[in-house]
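Shown next, in structure tokens, is the structure this report addresses.
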Amino acid sequence: RGAVTMSSKGLKKVLLMGKSGSGKTSMRSIIFANFLAKPTMRLGPTLHVDHDNVKFLGNLVLNLWDCGGQDAFMEAFFNSERENTFSGVHVLIYVFDVDSHEHKKDMMQFVSCLDSINDLSPSARIFCLIHKMDLIKTEEDRDRLLEERRDELSKIATPRKITVFRTSIW
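Counting in our numbering, the sequence shown runs from 8 upward without gaps.
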């Protein structure tokens, strides 16, 4: 599967980004390929980018870019492949692993993503998913964590508006 041009009417480029292991491909498989949650545990890491055109809500076709989150790929997306990756984006979905032990690094990569989107696709909508929330034991802790992350991400993204959701495949 090669790069897809943006000239087709109704085709919307969607970037799915976040660090390796955050759950991007599992979510994509459940939402767009009707996988059940358990079989997604066998999915391996995405190498570079998986491109998929997915028909959604009738005539809308999403050109979904599931971007590998390993450091080498992220580095390439922000440098040598920046223009190809971040041009013509309609929606950025950035996935954060709630269980990550590299919070500062995760935020730095999100800032790099924001910078690239602001430069090359300034009208793109941005959604942040705080994923694997099932790992947080109580509803109160999930609510508190979501508010903390929402506040932090909103400050980082200012003046851009972002929408933050808590998610889980379970």
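For every residue, glycine included, the Cβ atom is placed at its ideal position computed from N, Cα and C.
Would you report the Cα separation of residue i and residue j, rounded to the nearest angstrom?
| i | j | result |
| --- | --- | --- |
| residue 122 | residue 93 | 10 Å |
| residue 57 | residue 155 | 32 Å |
| residue 26 | residue 112 | 9 Å |
| residue 75 | residue 24 | 7 Å |
| residue 110 | residue 103 | 9 Å |
| residue 160 | residue 114 | 8 Å |
| residue 66 | residue 151 | 38 Å |
| residue 157 | residue 62 | 30 Å |
| residue 90 | residue 59 | 19 Å |
| residue 79 | residue 28 | 14 Å |
| residue 34 | residue 72 | 13 Å |
Kindly list the residues whose CB is nearer than 6 Å to the CB of residue i, restricted to its own chain and excluding five residues on each side of it in sequence; keep chain order.
| i | result |
| --- | --- |
| residue 99 | 22, 124, 131, 133 |
| residue 135 | 101, 160, 169, 171 |
Looking only at its own chain, which residues have a Cβ that is under 7 Å from the Cβ of residue i, when we skip the five neighbours before and after it?
| i | result |
| --- | --- |
| residue 173 | 137, 140, 149, 153 |
| residue 166 | none |
Look at residue i and residue j and say whether their C-beta atoms are less than 8 Å apart.
| i | j | result |
| --- | --- | --- |
| residue 19 | residue 70 | yes |
| residue 176 | residue 37 | yes |
| residue 105 | residue 142 | yes |
| residue 128 | residue 95 | yes |
Ranges of the beta strand (DSSP E) found wholly within the segment 93–151, counting only runs of at least 3: Counting whole runs of 3 or more residues, the segment 93–151 contains the beta strand (DSSP E) stretches 96–104, 132–138.
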